[in-house]
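Quick note, the sequences are listed as chains L and D, same order. If you count by the working numbering, then the first sequence holds residues 73 to 779, one letter each, in order. If you count by the working numbering, then the second sequence holds residues 73 to 779, one letter each, in order. C-beta atoms are modelled at their ideal positions from N, C-alpha and C, and glycine is treated no differently. Note that this is a predicted model, so its numbers are computed, not measured.
2 protein chains.
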Amino acid sequence: MADLAPREQERSALDALLAPRSIAVLGASSDTAKIGGVPIALLKKAGFRGDIIPVNPKSDTIQGLAAVPTLSAAGRPVDLAVISLPAKLVEGAVDDCIAAGVRAIVIFSAGLGEIDEAGKALEARIAARCRAAGVRLVGPNALGVFSPLTATFATFSTALHATWPEPGVIAIASQSGAVGSYCYAMLADRGIGISHFAATGNEADVTVADLIAHFSHDPATSVIVAYVEGIKDGPAFVAALKTARAAGKPVVVMKVGRSDLGAEAVASHTGALAGAARGADAVMAAAGAYAATSMDDLVDAAEAAATGVFARGRRVGVITLSGGVGVLMADLAANEGLTFPPLPDKAQAAVKAIVPFASGRNPVDVTAQVITDITRVADIAEIAIDGGGFDTVILFLAHMARNLGVMDQLIPALAALRRRHPDVPFIVCARHTPEVRDRFRAEGFLVNDEPRRAVRLAGLLAELGRAPAPAGEVPADAVVRLPSGSLDEVAARQILAAAGIAFPPSATVRTAQEAGAAAAHMGGAVALKIISPDIAHKSDVGGVRLDVAGAEAVETAAREMAEEVARKAPDARQDGFLVTPMLTGGVECVIGSVTDPVFGPLVMLGLGGVLVEVLRDVVFRPAPVSPETAEEMIGALKASALLLESVRGRPAIDRDALVATIVRVSQIAAANRDAIAEMEINPYLALPGGGYALDALIVPHARPVEP
Amino acid sequence: MADLAPREQERSALDALLAPRSIAVLGASSDTAKIGGVPIALLKKAGFRGDIIPVNPKSDTIQGLAAVPTLSAAGRPVDLAVISLPAKLVEGAVDDCIAAGVRAIVIFSAGLGEIDEAGKALEARIAARCRAAGVRLVGPNALGVFSPLTATFATFSTALHATWPEPGVIAIASQSGAVGSYCYAMLADRGIGISHFAATGNEADVTVADLIAHFSHDPATSVIVAYVEGIKDGPAFVAALKTARAAGKPVVVMKVGRSDLGAEAVASHTGALAGAARGADAVMAAAGAYAATSMDDLVDAAEAAATGVFARGRRVGVITLSGGVGVLMADLAANEGLTFPPLPDKAQAAVKAIVPFASGRNPVDVTAQVITDITRVADIAEIAIDGGGFDTVILFLAHMARNLGVMDQLIPALAALRRRHPDVPFIVCARHTPEVRDRFRAEGFLVNDEPRRAVRLAGLLAELGRAPAPAGEVPADAVVRLPSGSLDEVAARQILAAAGIAFPPSATVRTAQEAGAAAAHMGGAVALKIISPDIAHKSDVGGVRLDVAGAEAVETAAREMAEEVARKAPDARQDGFLVTPMLTGGVECVIGSVTDPVFGPLVMLGLGGVLVEVLRDVVFRPAPVSPETAEEMIGALKASALLLESVRGRPAIDRDALVATIVRVSQIAAANRDAIAEMEINPYLALPGGGYALDALIVPHARPVEP
C-alpha cells in the first residue's frame, strides 16, 4: 500500500472541493446574473462561513466584498478557487492558483477540450500541472459543485434560482451540468435533499468515478447518483463502484449513449469516449450498481435507495382502495419480474371478516367502503403483512392522502405497523399533499402518486436488494498458447478443447473423398465445413453444409463446397474439410468474448440463430465470471425460459454444463486478454445431458498488447 | 334503419344523464360527508341551475333544500335520479323512478352484482325494467357522473374535495370510479379540464362503450378516455370505437386484466368478464384507438390527443439546451420506433453561425451558452423546423421555463414559429411553472417536464396520427364445408388448399412401405407425419420426423413412428402417414385464427419456433383483415426484421405471398365463424419466392353455434 499517502492527499483535496474553508472566484462579477457573479451571490445567500475572495483586477468591491486584483494579492490561504474567465485566460489562472497554494480548482470556462485538439492539449497541460502540485481540478466546462451541508456554492447552476437545496443523504456526480441539476431539481420537487452536487464537465482531472469513490467515504452520503456520457478509465470506474458497494452505499447510474444514434450524438457533442454502453452495463451489473434508463427512473431509484430498506425478493403484496388499480398493478408486475402471491386462506378470511366485500387474495381490494372507518385499512394491512410473507408492500390510497383528517388517523396506525416490520419496504401510492408525503416519509414509507411507478419502485427495491454474485477467478490452466498469424477453425477447436471446452468428435481431412470416408466411419448425418485461416464467417461463402448423410453424398457436397468457396472467396486458402457428426435437438447458444476498449474482456451469452441476429438477446459480463454470475447471465436473457425450463415436452438442458462453459470461456478470455481480442463458440449446443461447442473462432489482437 | 328512433331516444336519455334539467337524490343526507349528502353539496357548490330534489322520508329540509318523502311526492318532472340507498331498497327505488317518469338513473349502492348471483339477478331485473321504460341506468356500484359544462354532479367522488373540475375537451368513461377519478385528478393537476366524467360500475345498463358512442356525438368533447376491465359486448365496443373514429375523436383506452395475474384479480373483484385482452388489443388496433398501459400513459395520451395536432410520421427533431439530455432522448427513441434524422448540412451551418459551439446535427445541442440571448433558441428552432422536415419537434429548455423574464422573450418568438407550422406537433420539455405551462399550451405547444416522457409523447403523437388500415372483406369463396366430426391433418390440408392456401406436394399413404416408396418418388429428404383425427399436436407424441432421406430410412422411420405414437397415444386412431418434401431455408411463421368469446374470430401471425413458444411474439387482429392490415401485423412483430429484411445474406422473403396467406386465413376464419373455432398453419414457411403451409390444423366448434 505504498500509494496510500497520495490517495489520502487526493481525498483531502476533494474535501477542499466540497467542504472548503475559503473560496476565491477568479473573474468575479458584481452582476449576480453573470456566470462570474453567481457563486458569490449563492455563497452569501447560503451564509458560507469561510472566506469569500472575489478576484477581479478592475474592482475593489464585488457584491459588497473586498476584491483583490490577483489571487496572490489575497495574502491568505485558499482552499478552493473558481475560474470564470475566457478560455484564453484559463491556463495563466491555473498557474496563479497553484502558485497561491490552492488545493482544488473549479473551471466554469467553456471553449477548451470540447471544441478542438488545441483545447484538448491545453486541458492535458493544466491537468498535469495540477496533478504535480497535488491540486484537484473540476472541469473545464463544468457547472461546478455545491453542498447544502457546507454552504459551498462553486457553481452557476440556474436550478438554484428556483429551488434552494435542502440537506439530504443523496450525492450527485454528473458529467453534464444540465442533467445533474435537472436530477437535483426533480429530487427537490419531491422534497428530497442532497448531501453534495458535482458536475465535472470535460473531466480534465476529477471524474465522476473519482467522486463516486469520494462519496463512498463521506459520512453524510448514503446514496450516490451518477450520470456518465463517456468513461475513459474503465478500471477506475469499476473500482469506484466496488468501493461504494463495500461501503454499503447504493450507486444509481445513468449512462447515456446506448443507442447507435445516442453514441453518435455523444461523439458530436463532447470530447468523451462513447459507445461503451455494453461494457458499462456489464460492469455495473457485476458491481451491483443500478443502471437507470431515464431521468424519472434515476430519481425513483435514488429515492428508493435513500430509504435504506431493500426488498429481499420479488414477492409483492398490494392493498388497494381500487380494485381496478390493483388489476393494473398486477398487469404491470411481469414487466418488473415481480410476483403477487396470494394471501394464505386464513389471512384472506380475516380480511373478509373486517370488510365483507373485500377481495382478499392479492391484490387485496379493500374497496371504497373502508372510507367510513379508515383505521380498517391499517388492520387489513397488518393481516396482509403479518400473513403474506411479502418482500415489498404497496398500499394504494387513491385520493385519500389529500384528506388530512383521515390521514391523522391512518398514518399513526400504519407507522406502528411499519415499526414492527422495519425490513420490509412499504410503498404508499396516492394523490397526496407535500405535508402528507413528508409525514409518511418520516415514518419510513416510500411515497409516490402513480401506480405504474409504484410497481416500478417495487422492482427497483428488489434490484437494489440483490447482492452481486461473487467475482470470478482466473486459474493458471486457462492460459493458452496461440500460434502466430490468424487461426482457422481447426486450430481454434484444438486450443479451446485443450483448455477444457467440450467438442464432439471430429475429423480433419484434406480431400472430398476423405470427407466421404470420414462421414461413413462416423455413421449418420454429418456437418461438413471448409477449413481456411482466411474465412471467419464460413456460411457466408458456402463453406458450411449441414446434415449430409452417406459417403457419396458427403463427397459430392465437399467437392461442390470447395468450388463455391473458391468462387466466392477466391483469395482464401483452402486447407481441407472438417467433418463432425450432426447433432440436433437442444438449444443453440452463442458463447463468446470481446475486448471492450474501456473495460477489457467481456464474456457474452446469447441464444442462437434469430434470437441473436434479430432480437439481440445477449448479455455481457466482465470476464472472468463465477458460476453464480453465469447463472445470472442465463436468467437475464429475454428468452431464458428456453434454457431454464422444459419447453413443449423437450427435457430441460444441462445447465451445469452450460454454466461451466460460460465460466471457462470467461477465464480463457481473461487469462489471455493480451493475446485474444475475440472468441466465439457459435453455436454451443446445450443438450439435456451435457453440451457441445459446434464451432470455434478465435481472433487474436492485431498487434501484441503492451503488458 | 328501423331502429333509428330508439337509438335517438337512448341518446337523449344519456343527455338527461349528463345535462339534466333536474336531479333527485334518493337517500339524500344532510351530512355533506355522507355518500347521500355529497351530490347535493356538489350541485350547490357548482351552482346547478335546475331543480335539486332531495328525497328522504325522515327530513323536510336537506342542506337547506326542501326535501320530499318520496319521488312521486315531488310532483315535478325529474330528468335524473341518483339512488344512494342500501342494496335491499334499490329495486323499489328504481320502480319509483320509472313510475315518476325519470329519464336516467345513477345507482351508487354497492352489494349487488359484484357480490353474488342474487345480486346479478336483481341487476338484470332492474336493467330490463329500465330498458322497457326507455330509462338509462348507470351502475349499480357506480361512482356516477359529473360535468363542469352543465354543473351536473351525480357522484360521490372524493377527488372533487381536493380538485374542482375545469371545463375542457376530454370526456372520461370508466368502469372503475377510482381509476376514472384518479385519471381526472391527474389531468387536473396538469391544468387540463374535462367535458364529462362517467363511472359505470357494474354496468347493468350503460356501458363504457355506450358512453364512447355518446361522447362521439358530443360537440363539447374532442377526446375520449376510457377505462375498461371486462367487455361483455364486443361488437358494441367495436362499433363505439368506429363511431368515435368516424367523428374524428381520438379514443385512448386502458384495458386492464392483460396478465394472467391481472385476469385473476379481475375475476375476483368484479362481475365483469375478463381475459379478453388479446381480443381487445386487436380490435383497438384495428379501430385506431390507442391502448394505454398505465395511468401516466393514459393521461399523456389524452393530453397529446387534446392538442388535435398529430404527427405524420416518426421523424423527430430535438433542440436541446443540454447535450446530455439530447443523447438520452436519442437513446430512448428506438423504444418508440422514432428516428432522429440529421439536419441538412446547410441548416447545420446556419445553426453554427448563430451558436458556434452548437452541435447542429440532431439533437441540435444549442448548449447553455445560448442563455445569454434566449431569442437565439427561437432562431435555431426556426432553422431546424424549416430545414429538417420533422414530423414532431421537441425543445428541451432545462430550468429556463421557471424564469419568467426569459420566457417573456422566448414564448412570443416560438409562438410565431408555431403558427407558421401549425401541423407539426411541438413538445416543450422543461421544468416550468403552471403559468409558463399554460402560456405555452395556449399557443399550441405540448408541455411536460421529463425527457423520457417527452420522447414517449412524440411516439404517442405518431400513434395518434396513424390512420387505421382499411377493413378486410369476406369473399363468397372463403366459405368452406367441414366434414362432421374432428378433422385430421390431411382433411385440414385439403380444405385449406381448396380455399387457396399453398401447400407443397404431398403423398398420403397407409403403410410404412408405401411411405418409403413415396419418398423415393419425391426424391431428396422428406418430412414424415402420422395421420390421426385424434392428435392435435403430433410432435408431442412422436408423430413427426423431419429430414429423412432414402426409401429404406423413411420406411424404418415410419414403422418406428407408428410404434411410438401407439405407445404415447394408445387411444388415437392411426390412418397412415403423410409424406412431404423437406423444405428448408426461409422463415417459419405461424398463421392461425382463434374465436375470441367477446370479439369473435381473430387472425394471428407469429414467428415460428421459440419466438412463438417462449417470447410469444405474436400479433392478433379481428378477422377479416385487408392486405394493409396484414402488412401492419408483420411490422408489429418484435422480430419483424426477420420478415422485412435480408438477414445475414439470406434474401428477403416473399412478403406478398405471406400477406396473401394471412388475408386468406382471416377470410376463412370470418366466413366460417360458426363452424371453425380455431385454425393453425404451423409452420408457414415464408421463402424468397413464395411460401408454403407445412402443416394444417382446423378445430371445429364443439357444438354448432346458433346463427
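inquiry  = Here's the rule I'm using: 16 or more other beta-carbon atoms within 10 Å means buried, otherwise exposed. How should P92(L) be labelled?
reply    = Translated into positions along the first sequence, residue 92(L) becomes position 20. Answer is buried; the Cβ neighbour count reaches 16.
message = I'd like to check one pair, G680(L) with V662(L): are the Cβ atoms closer than 7 Å?
response = Numbered from its first residue, the first sequence carries residue 662(L) at position 590. Numbered from its first residue, the first sequence carries residue 680(L) at position 608. Taking 7 Å as the Cβ cut-off, V662(L) and G680(L) qualify as a contacting pair.
inquiry  = Given a cut-off of 7 Å on the beta-carbon distance, is the pair A308(D) and I284(D) in contact?
reply    = Translated into positions along the second sequence, residue 308(D) becomes position 236. Translated into positions along the second sequence, residue 284(D) becomes position 212. Contact: no.
ask   = From this set, A621(D), F575(D) and T628(D), which residue's C-alpha is nearest T733(D)'s C-alpha?
value = Indexing the second sequence from 1 puts residue 733(D) at position 661. Among A621(D), F575(D) and T628(D), the Cα nearest to that of T733(D) is on F575(D).
key: Touch test, the segment 229-239 of chain D against the segment 181-190 of chain D, Cβ-Cβ under 8 Å, three pairs minimum   = Contact between the segment 229-239 of chain D and the segment 181-190 of chain D is absent, with fewer than three C-beta pairs closer than 8 Å.
task = Using DSSP bridges, identify the partner residues of C501(L).
result = For this step, residue 501(L) is matched to residue 429 along the first sequence. DSSP, once it has assigned bridges, lists F468(L) and N520(L) as partnering C501(L).
inquiry  = For A541(D), which residues in the same chain have their Cβ closer than 6 Å to its Cβ, ignoring the five residues on either side in sequence?
reply    = Against the second sequence, residue 541(D) aligns to sequence position 469. Excluding sequence neighbours, A541(D) sits near S698, E700, T701 and E704.
message = Does any residue of chain D have a CB that is nearer than 7 Å to the CB of H471(L)?
response = Here residue 471(L) refers to the residue found at position 399 of the first sequence. In terms of beta-carbon proximity, H471(L) lines the interface with chain D, with at least one pair separated by less than 7 Å.
ask   = Which value, in whole angstroms, describes the spacing of the CA atoms of Q481(D) and D451(D)?
value = Within the second sequence, residue 481(D) is the residue found at index 409, counting from 1. Within the second sequence, residue 451(D) is the residue found at index 379, counting from 1. Looking at the two C-alpha atoms, the distance is approximately 12 Å.
query = Are V251(D) and Y299(D) closer than 7 Å when you measure CB to CB?
reply = Working through the second sequence from its first residue, we reach residue 251(D) at position 179. Working through the second sequence from its first residue, we reach residue 299(D) at position 227. Contact flag set, yes.
task = Measure the Cβ-Cβ separation of A226(D) and I170(D) and say whether it is below 7 Å.
result = By 1-based counting over the second sequence, the position of residue 226(D) is 154. By 1-based counting over the second sequence, the position of residue 170(D) is 98. Between A226(D) and I170(D), the C-beta spacing is not below 7 Å.
request  = Express the C-alpha separation of L518(L) and L687(L) in angstroms, rounding to a whole number.
outcome  = Counting from one through the first sequence, the residue named residue 687(L) turns up at place 615. Counting from one through the first sequence, the residue named residue 518(L) turns up at place 446. Cα to Cα, the separation comes out at about 36 Å.
request  = For the segment 393-408 of chain D, enumerate the residues whose C-beta is nearer than 8 Å to any C-beta of chain L, in chain order.
outcome  = Residues L393, S394, G395, G396, V397, G398, V399, L400, A402, D403, L404, A405 and A406.
ask   = When the Cα atoms are used, what is the spatial distance from G211(D) to I155(D)?
value = In the second sequence, residue 211(D) corresponds to position 139, counting from 1. In the second sequence, residue 155(D) corresponds to position 83, counting from 1. Counting only the Cα atoms, I155(D) lies some 10 Å from G211(D).
request  = Would you please verify whether the beta carbon of R524(L) is less than 7 Å from any beta carbon of chain D?
outcome  = Translated into positions along the first sequence, residue 524(L) becomes position 452. It does: the Cβ of R524(L) has a partner Cβ on chain D nearer than 7 Å.
request  = From the DSSP output, in three-state form, read off V154(L) for me.
outcome  = Residue numbering aside, residue 154(L) sits at position 82 when the first sequence is read from its first letter. Judged by DSSP in its simplified three-state form, V154(L) adopts strand.
ask   = How is the alpha helix (DSSP H) around L785(D) delimited, first residue to last?
value = Any property of residue 785(D) remains undetermined from this structure, which presents chain D solely from 73 to 779.
inquiry  = For A176(L), which residues in the same chain have their Cβ closer than 8 Å to its Cβ, ignoring the five residues on either side in sequence?
reply    = By one-based count along the first sequence, residue 176(L) stands at place 104. A85, L86, A88, L89, P92, D151, L152, A153, V207, R208, L209 and V210, listed in sequence order.
message = Between which residues of its own chain and V355(L) is the CB-CB distance below 6 Å, once the five residues before and five after are set aside?
response = Locating residue 355(L) in the first sequence gives position 283, counting from the first residue. Only V310, F671 and P694 meet the Cβ criterion.
ask   = K601(L) touches chain D at which residues, Cβ-Cβ below 9 Å?
value = Here residue 601(L) refers to the residue found at position 529 of the first sequence. Within 9 Å of the CB of K601(L), no CB atom of chain D is found; the nearest one sits about 16 Å away.
request  = For chain D, find out if any of its Cβ atoms is closer than 7 Å to the Cβ of R387(L); answer yes or no.
outcome  = The residue labelled residue 387(L) in the question sits at position 315 within the first sequence. False, the Cβ-Cβ gap to chain D never drops below 7 Å.
key: Beta-carbon contacts of G596(D) that lie in its chain and below 8 Å, excluding the five residues immediately before and after   = Walking along the second sequence from the start, residue 596(D) turns up at place 524. Scanning its chain for C-beta atoms nearer than 8 Å, with the 5 sequence neighbours on each side dropped, one finds around G596(D) the residues A621, P653 and M654, in chain order.
query = Say the cut is 6 Å; is the CB of M367(D) nearer than that to a heavy atom of the ligand GDP?
reply = Inclusion of the ligand GDP in the displayed structure is not the case, the ligand content being empty and no account of it being possible.
key: Interface flag, T230(D) vs chain L, CB-CB below 7 Å   = Against the second sequence, residue 230(D) aligns to sequence position 158. The beta-carbon of T230(D) is placed less than 7 Å from the nearest beta-carbon of chain L.
request  = Starting from the C-beta of G572(D), find all residues in its chain whose C-beta is less than 6 Å away, skip the five residues before and the five after it, and write them out in chain order.
outcome  = Along the second sequence, one-based indexing puts residue 572(D) at 500. Taking C-beta separations shorter than 6 Å and ignoring five residues to either side along the sequence, the partners of G572(D) in its chain run R736, following chain order.
inquiry  = Using only the alpha-carbon positions, how far apart do D746(D) and Q739(D) sit?
reply    = Walking along the second sequence from the start, residue 746(D) turns up at place 674. Walking along the second sequence from the start, residue 739(D) turns up at place 667. Using only the alpha carbons, I get a separation of about 13 Å.
query = What does I187(L) touch in chain D if you count any residue whose Cβ is under 9 Å from its own?
reply = Looking up residue 187(L) in the first sequence gives position 115. In chain order: P428 and F429.
inquiry  = Measuring straight from C-alpha to C-alpha, what distance separates T447(L) and P484(L)?
reply    = As a working note, residue 447(L) is residue 375 in the first sequence. As a working note, residue 484(L) is residue 412 in the first sequence. Approximately 10 Å, taken between the alpha carbons.
Sequence ranges, alpha helix (DSSP H) only - wholly within the segment 372-418 of chain D, length at least 4 = Look at the segment 372-418 of chain D and you find these whole runs of alpha helix (DSSP H), each 4 residues long or longer: 395-405.
ask   = Name the chain D residues that come within less than 9 Å of N475(L), Cβ to Cβ?
value = On the first sequence, residue 475(L) is found 403 positions in, with the first residue counted as 1. Under the 9 Å cutoff, chain D gives T230, H233 and A234.
request  = Determine the DSSP secondary structure at A621(L), reduced to helix, strand or coil.
outcome  = If you number the first sequence from 1, residue 621(L) lands on position 549. A621(L) carries a strand assignment under DSSP once its states are collapsed to helix, strand and coil.
task = With 7 Å as the C-beta to C-beta threshold (strictly closer), list the residues of the segment 347-372 of chain L near chain D in chain order.
result = So the list reads S366, M367 and D368, given in the order they occur along the chain.
ask   = Three-state secondary structure (DSSP) at A344(L)?
value = Sequence index remark: in the first sequence, residue 344(L) carries index 272 (1-based). The predicted model places A344(L) with a pLDDT of 28, which falls under 50 and marks its position as unreliable, so this point remains unresolved.
request  = On a CA-only basis, which of D647(L), S431(L) and A352(L) is nearest G396(L)? Give me that one, please.
outcome  = Against the first sequence, residue 396(L) aligns to sequence position 324. For the residues D647(L), S431(L) and A352(L), the minimum Cα distance to G396(L) belongs to S431(L).
task = Within the same chain, show all residues whose beta-carbon is closer than 7 Å to that of A564(L), passing over the 5 residues directly before and after it, in chain order.
result = The residue you call residue 564(L) lines up with position 492 of the first sequence. A768, L769 and I770, listed in sequence order.
key: Contact with chain L by V278(D), beta-carbon distance below 7 Å   = In the second sequence, counting from the first residue as 1, residue 278(D) sits at position 206. No, its Cβ sits nowhere closer than 7 Å to a Cβ of chain L.
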